[in-house]
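Number of protein chains: 2
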Amino acid sequence: MSGTPQHFEAMFSPRSVAMIGASKKPAKWGFMIINNIVMGGYKGRLYPVNPGESEIFGMKSYKNLKEIDDSVDLALVAVPSKSVLQTIDECCEKGVKVSIVITAGFSEASEEGGNIEKEIVAKSRGAGMRIVGPNTMGVFSAASSLHALMPPVRPKFGRISFISQSGNIGTQMLGLGQKRGIGFNKFVSSGNEADLKCTDFLRYFGDDPGTDVIVMYIEGLEDGKEFFDAARSITKKKPIIFFKSGRTDAGARAAKSHVGAIAGSTEVYDAMLRQAGVIRASTTDEILDFSAAFAGLPIPKGRRVGIISGGGGWGVVAADACASVGLQVPDLTNEVKEKLNKLLPHYWSKGNPIDLVASIDVKSLSGVFSIVPECSNIDGMLMLCIVGVGHLLSTNFFGLDEKQMKLLRDIAMEVDIKSAKKIIELIEKTRKPMMIAALSSSSESEGVRILEEHGVPVYDTPERAAKALAKLAEYGEYLRGKN
Amino acid sequence: MSGTPQHFEAMFSPRSVAMIGASKKPAKWGFMIINNIVMGGYKGRLYPVNPGESEIFGMKSYKNLKEIDDSVDLALVAVPSKSVLQTIDECCEKGVKVSIVITAGFSEASEEGGNIEKEIVAKSRGAGMRIVGPNTMGVFSAASSLHALMPPVRPKFGRISFISQSGNIGTQMLGLGQKRGIGFNKFVSSGNEADLKCTDFLRYFGDDPGTDVIVMYIEGLEDGKEFFDAARSITKKKPIIFFKSGRTDAGARAAKSHVGAIAGSTEVYDAMLRQAGVIRASTTDEILDFSAAFAGLPIPKGRRVGIISGGGGWGVVAADACASVGLQVPDLTNEVKEKLNKLLPHYWSKGNPIDLVASIDVKSLSGVFSIVPECSNIDGMLMLCIVGVGHLLSTNFFGLDEKQMKLLRDIAMEVDIKSAKKIIELIEKTRKPMMIAALSSSSESEGVRILEEHGVPVYDTPERAAKALAKLAEYGEYLRGKN
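Chains A and B are the protein sequences, given in the same order. Okay, so the first sequence: first residue is 85 according to my numbering, each after it adds one. Okay, so the second sequence: first residue is 85 according to my numbering, each after it adds one.
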């Protein structure tokens with residue numbers, strides 16, 4: 085049984101939320117979650133519920149759900165496991181649309197727990213209520229600024245929606261994404277999936293106009309066929325990035341003791357995912373690297389990469405990186421080479437990668453940036469050690485006075501900022517993806533900050549940038565083959 | 085012809101340095117380099133040389149080398165390419181021991197440049213002087229705090245020495261290393277290697293008591309046989325981490341236009357390196373990841389890994405990561421399991437990975453840390469999401485007053501710091517490597533900062549930590565097979 089649009093609406097854009105087990109004690113999850121909801125600026129009506137409290141941090145606290153003189157779209161359940169069943173009864177009675185059961189200690193812990201879990205689902209289905217979890221870390225939704233999460237993460241708002249079978253990994257990815265300027269639209273920690281399963285969320289995100297990219301962290305799928313059918317139809321409209329944990333025997337054993345998931349065989353998954361046009365991430369770094377690329381960049385028409393490098397060595401590393409993930413580094417057209425001859429010193433590399441010469445001025449740099457992506461031999465760009473090098477000059481020079489130092493920094497800053505803006509402009513204009521690698525973070529470089537703010541991902545190394553570009557190209561090939 | 089110890093002494097611990105082409109103009113390399121030497125706190129005597137200046141930033145500037153009333157161990161040459169030959173003559177005459185030719189435009193640029201390069205070498209050899217470069221970004225040495233480098237990097241001092249055929253990549257790795265707390269002892273950008281070649285530096289670092297780990301960024305080797313012989317004898321004493329750029333056709337073409345290097349075939353390199361016990365890094369990230377592991381951790385006696393995770397999902401990811409790089413995740417001995425039963429809640433995972441339970445107290449945590457690495461089934465540890473999670477609590481909680489917030493932060497801080505100190509203590513005691521993965525940087529977590537300060541690397545993800553551990557294990561197997 086799949087969820088209805090009304091259920092997902094209640095989950096991601098609830099008009100009212102009841103926090104059952106809300107607490108004033110910092111050691112309790114009921115304290116953390118209500119804190120996150122309030123501090124996250126939830127736009128709807130929030131009702132703390134706790135039989136032992138009459139107020140929680142200035143808000144009226146309700147003894148039970150019945151006392152609330154309002155309908156409740158979403159209930160968050162963080163009560164001891166032995167009280168969950170009774171709480172679910174109350175939720176059903178109240179007409180709650182979705183209950184998110186944070187509490188753990190069910191099918192993942194014991195057979196007895198598994199039986200109670202089944203009872204929870206049976207009861208709620210009878211009442212038309214749906215369950216997330218149990219053993220979940222909650223949900224996030226940008227639309228209603230809902231941070232119904234256990235850890236205090238505040239994701240950047242964006243267009244990626246994320247389904248995670250591990251609450252820990254999911255929420256920590258949101259936190260890492262925030263550091264790297266990667267924006268999320270919705271998130272769900274699916275927990276034990278007693279009722280709503282990751283395929284249900286996948287289908288919803290597939291139709292969700294707020295979601296451009298879907299990310300899944302999966303330890304095991306119960307419904308391979310259903311998932312495959314859903315994925316195949318969604319990937320024609322939007323990309324799915326899929327990370328499978330428990331791929332190895334050691335990992336599968338660990339997954340089993342973690343959420344009780346039965347991990348499928350790697351070969352079956354691989355074949356199934358390839359056919360369905362699903363993008364595979366094979367490390368946790370890749371989950372974010374690929375998400376950011378799909379969320380912020382156009383899909384290339386082919387695998388031919390133009391490389392512009394601030395220094396010779398990186399051009400070599402980048403060319404290797406491209407070739408080793410199946411991208412090509414073709415020669416430039418004569419027309420483009422002639423144009424570059426006019427801008428670059430006579431000893432330039434005369435080919436691809438294009439090694440910029442240190443002393444080049446801002447105007448020529450901007451010219452080179454514009455010419456290469458327009459080359460008919462080039463489907464996408466890799467640009468290295470250009471944006472983000474300026475802050476190297478923010479060191480002190482003993483020989484210069486304040487004014488001279490400022491001049492030097494201003495020049496470096498100008499190159500940094502102008503390069504970033506030019507890149508954003510060129511992505512719009514050419515609709516070719518431009519992958520940026522920089523050694524600086526957004527706190528060090530204004531150019532990096534500007535790129536990230538505009539959703540253009542900035543990678544640590546050319547290897548990571550090249551891998552992400554190869555995935556964009558792979559998806560483009562899938563779309564052209566399919567549509 | 086190999087360099088003598090006296091030459092390398094003059095290069096890395098010079099009593100006196102002449103900076104030929106020293107400049108007051110910020111756009112000149114002769115400005116940047118002398119700035120880096122002075123600001124880096126060079127311990128010897130420094131002589132700026134420039135025929136057009138009588139003083140440079142308060143230091144007396146010499147018209148030429150002859151004017152200097154002192155012997156000169158090391159000359160840095162940053163004059164226009166057409167003047168290099170004459171400068172070399174002057175260096176020979178002065179009895180300079182080593183000249184580092186920063187200037188580019190020689191064999192990498194043209195045939196004519198190649199001929200001049202040969203002349204430079206012939207002249208200097210006749211006078212017993214050795215040449216680094218041309219087309220080099222310079223050298224760094226912790227011993228004399230010598231930062232004779234083009235870019236303004238200030239590496240952390242440590243026990244890793246680094247030979248790079250790309251000055252750009254080399255110096256930028258030093259900069260990244262500094263951010264990640266990775267310390268270097270010596271660095272040389274070998275440039276065109278007209279005279280001194282990377283194998284010469286390798287041999288010197290092999291005997292150098294200041295160097296525990298050698299890192300090489302290589303685009304091409306002219307002297308495969310010599311390199312192989314040197315490497316094979318050095319790896320018995322200390323590890324060599326080797327990154328080969330220009331591995332693919334695309335990369336090799338790029339390398340050729342960059343330093344004129346002829347890249348060897350991948351297969352030949354691979355076989356050669358394996359036999360010589362050289363550790364292969366295949367991405368620029370791995371260069372630093374592996375260097376840090378070898379510099380800071382003991383070599384394990386086997387491939388059996390104990391995993392302790394702050395959250396279930398990461399344990400699964402870590403187990404997968406271990407298995408996929410050839411590490412094992414064995415069961416714990418019954419003795420160790422019984423000890424853990426006493427410390428962990430009854431529903432703990434009862435196996436490896438060990439999933440810590442969120443509410444565990446500092447004392448039990450410390451107990452778990454001590455018990456697992458002492459398990460006779462375990463050769464090394466992977467610890468995830470323990471150190472570096474504390475700062476998550478540094479968010480604001482609306483319900484708490486200042487005092488309560490401080491208490492909460494103090495607890496988190498205590499876990500963070502005590503965990504870090506315990507890990508350092510256990511590495512010493514057990515002589516088993518403990519790989520740490522954390523989502524926080526040293527600026528966010530005091531625990532991460534303490535670990536990095538003690539040379540214990542902290543990785544972003546379990547995948548990166550597992551890869552580095554596999555390399556430590558690989559080297560251990562090589563040593564046991566050889567010695």
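Heads up, the beta-carbon is just placed ideally off N, CA and C, and yes, glycines get one too.
- Scanning chain A for C-beta atoms nearer than 9 Å to the C-beta of residue 252 of chain B yields 393, 394, 395, 396, 397, 398, 469, reported in chain order.
- Contact annotation: residue 274 of chain A and residue 256 of chain A have beta-carbon atoms that are not nearer than 7 Å.
- Partner residues in the beta bridge of residue 325 of chain B, as assigned by DSSP, are B/299, B/363.
- Under a criterion of Cβ atoms nearer than 7 Å, the residues of chain B adjacent to residue 488 of chain A are, in order, 110.
- In the three-state reduction of the DSSP assignment, residue 559 of chain B falls in the helix class, which pools H, G and I.
- Taking C-beta atoms as the reference points, residue 121 of chain A and residue 206 of chain A fail to come closer than 7 Å.
- Nearest Cα to residue 401 of chain B within the set B/466, B/416, B/384: B/466.
- With respect to the C-alpha of residue 189 of chain B, the residue from A/299, A/301, A/430 having the closest C-alpha is A/430.
- Within the region 110-141 of chain A, complete alpha helix (DSSP H) segments of at least 4 residues are found at 113-123, given in chain order.
- Distance between residue 545 of chain A and residue 210 of chain A, taken at the CA atoms: about 53 Å.
- Proximity of residue 129 of chain A to chain B, defined by a Cβ-Cβ separation below 7 Å, is not satisfied.
- For residue 423 of chain A, the enclosing alpha helix (DSSP H) stretches over residues 418-427.
- Cβ neighbours of residue 227 of chain A within its own chain (closer than 7 Å, five residues either side excluded): 96, 97, 294.
- If you check each beta-carbon in the region 521-536 of chain A against every beta-carbon of chain B, the ones closer than 7 Å belong to 523.
- Shortest Cα-Cα distance from residue 427 of chain B to any of B/415, B/417, B/440, B/416 involves B/440.
- In the three-state reduction of the DSSP assignment, residue 247 of chain B falls in the strand class.
- Burial is judged here by how many other beta carbons sit within 10 angstroms of a residue's own beta carbon; residue 251 of chain A has at least 16 and is buried.
- Listed by position along chain A, the residues whose Cβ is nearer than 8 Å to that of residue 154 of chain B form an empty set, because the closest Cβ is around 22 Å away.
- Closer than 8 Å at the C-beta level to chain A, one finds these residues of the region 405-419 of chain B: 405, 406, 407, 408, 412, 413.
- For residue 411 of chain B, no alpha helix (DSSP H) segment is defined, and its DSSP state is neither H nor E.
- Residues of chain A with a Cβ closer than 8 Å to the Cβ of residue 368 of chain B are, in chain order, 401, 545, 546, 547.
- In the structure shown, residue 213 of chain B falls within a coil segment according to DSSP collapsed to helix, strand and coil.
- Taking C-beta atoms as the reference points, residue 300 of chain A and residue 326 of chain A count as a pair closer than 7 Å.
- Here the alpha carbons of residue 494 of chain B and residue 505 of chain A stand approximately 43 Å from one another.
- Between the alpha carbons of residue 185 of chain A and residue 159 of chain A lies a distance of about 8 Å.
- Under the three-state reduction of DSSP output, residue 91 of chain B falls in the helix class.
- Around residue 229 of chain A, no beta-carbon contact reaches into chain B at under 9 Å, the shortest distance being about 15 Å.
- Distance from residue 100 of chain B to residue 173 of chain B at the Cβ level is roughly 19 Å; contact not present, criterion being Cβ atoms closer than 8 Å.
- 7 Å or more divides the Cβ of residue 247 of chain B from the Cβ of residue 397 of chain A.
- With 16 or more other Cβ atoms from the protein chains shown falling within 10 Å of its own Cβ, residue 114 of chain A counts as buried.
- In the DSSP assignment, residue 234 of chain B is bridged to no other residue.
- Of the residues assessed, residue 134 of chain B falls on the buried side of the cut-off, its CB having 16 or more other CB atoms within 10 angstroms.
- Secondary structure at residue 288 of chain B: helix, using DSSP grouped into helix, strand and coil.
- For residue 220 of chain A, no Cβ of chain B is located within less than 7 Å of the residue's own Cβ.
- Counting along the chain, no beta strand (DSSP E) covers residue 152 of chain B, and no H or E run does either.
- Close to residue 333 of chain A, with beta-carbon spacing below 7 Å, are these residues of chain B in chain order: 407.
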